[in-house]
Amino acid sequence: EAGVAQSPRYKIIEKRQSVAFWCNPISGHATLYWYQQILGQGPKLLIQFQNNGVVDDSQLPKDRFSAERLKGVDSTLKIQPAKLEDSAVYLCASSFKYGYTFGSGTRLTVV
Amino acid sequence: GENVEQHPSTLSVQEGDSAVIKCTYSDSASNYFPWYKQELGKGPQLIIDIRSNVGEKKDQRIAVTLNKTAKHFSLHITETQPEDSAVYFCAASRHGGSQGNLIFGKGTKLSVKP
Chain P
5 EAGVAQSPRY
15 KIIEKRQSVA
25 FWCNPISGHA
35 TLYWYQQILG
45 QGPKLLIQFQ
55 NNGVVDDSQL
65 PKDRFSAERL
75 KGVDSTLKIQ
85 PAKLEDSAVY
95 LCASSFKYGY
105 TFGSGTRLTV
115 V
Chain S
1273 GENVEQHPST
1283 LSVQEGDSAV
1293 IKCTYSDSAS
1303 NYFPWYKQEL
1313 GKGPQLIIDI
1323 RSNVGEKKDQ
1333 RIAVTLNKTA
1343 KHFSLHITET
1353 QPEDSAVYFC
1363 AASRHGGSQG
1373 NLIFGKGTKL
1383 SVKP
């Protein structure tokens, strides 16, 4: 089966600019997650979707981050405006019943 | 909330030796403990997991042990090979592995020297 697809792979932006990341989960996986992985740390959950509904967004900085999952398939994560501390790898993962499959991530550098 | 501590942060072994990585967790309700391997430029890949009703699980050269009383679990890699070099993460969840937030440790960078 195809894995979790993410794009772009890399993105460099200036602070205060906006950026968007895209994720296409494994076909049939109802649950989709966005994780933030800062260099030297483990991934931290930003938001979890079940189909197109939000299950957990308690750790999403809602003043600057937003996410949507239209039609319960693809998802986009947006940051506006970006701060220097947003530099990280943004990982998308999906799951069906058990287990999680991660994409390769988008490495964001904010300068 | 749940907190997962992982040690050591770096580990260097000779090819053929064993490697052990240890994690502790704080939430006694956690019942699912996966281990992930992350290579440079890639996302984490599940290598083995264990649920709280099991004390040990083995898959070829990889084994995981769980001590629920002490709230710690360990990854054991035997007969290490250079391709085992990567960053390893432990994680914990109270959702039995069926969706829900994974709380990750900070990772262990394993280097296997030929």
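Protein sequences, first through last, are from chains P and S.
So for the first sequence, our numbering puts the first residue at 5; every next one is plus one.
So for the second sequence, our numbering puts the first residue at 1273; every next one is plus one.
Think of the CB as a built atom: it goes at the ideal place given N, C-alpha and C, for glycine as much as any other residue.
The beta carbon of Y14 of chain P sits closer than 6 Å to the beta carbons of R111 from its chain, once the five residues preceding and following it are set aside; these are given in chain order. The C-alpha of G46 of chain P is placed about 6 Å away from the C-alpha of G1379 of chain S.
A direct Cα-to-Cα measurement between S1324 of chain S and H1348 of chain S gives close to 18 Å. C1295 of chain S has its alpha-carbon roughly 14 Å from the corresponding atom of N1303 of chain S. Cβ atoms of Q10 of chain P and S108 of chain P come within 8 Å of each other, at about 6 Å.
For S1284 of chain S, the closest alpha carbon among the candidates S:D1356, S:I1322 and S:E1311 is that of S:D1356.
Beta-bridge partners of E72 of chain P (DSSP): P:T80. No Cβ of chain S is located within less than 8 Å of the beta carbon of D61 of chain P. For Q54 of chain P, the enclosing beta strand (DSSP E) stretches over residues K48 to Q54.
The segment 26-33 of chain P and the segment 54-61 of chain P do not touch, with fewer than three beta-carbon pairs separated by less than 8 Å.
Within 9 Å of the CB of F53 of chain P, no CB atom of chain S is found; the nearest one sits about 10 Å away.
Straight-line spacing of the CA atoms in R20 of chain P and K82 of chain P works out to 13 Å.
Proximity of P47 of chain P to chain S, defined by a Cβ-Cβ separation below 8 Å, is satisfied.
At a C-beta separation below 9 Å, L1318 of chain S has these neighbours in chain P: G103, Y104, T105 and F106. In the DSSP annotation of this structure, the continuous segment of the beta strand (DSSP E) that includes P1306 of chain S starts and ends at Y1304 to Q1310. Taking 8 Å as the threshold, the shortest C-beta distance from K1343 of chain S to chain P does not fall below it. Boundaries of the beta strand (DSSP E) harbouring Q1317 of chain S: Q1317 to R1323, taken from the DSSP string. Going by DSSP, E1351 of chain S is part of no beta strand (DSSP E) at all; its letter is neither H nor E.
Judged by their CB atoms, A24 of chain P and I51 of chain P are not nearer to each other than the 8 Å cut-off. Here D1331 of chain S carries a strand assignment [DSSP, helix/strand/coil].
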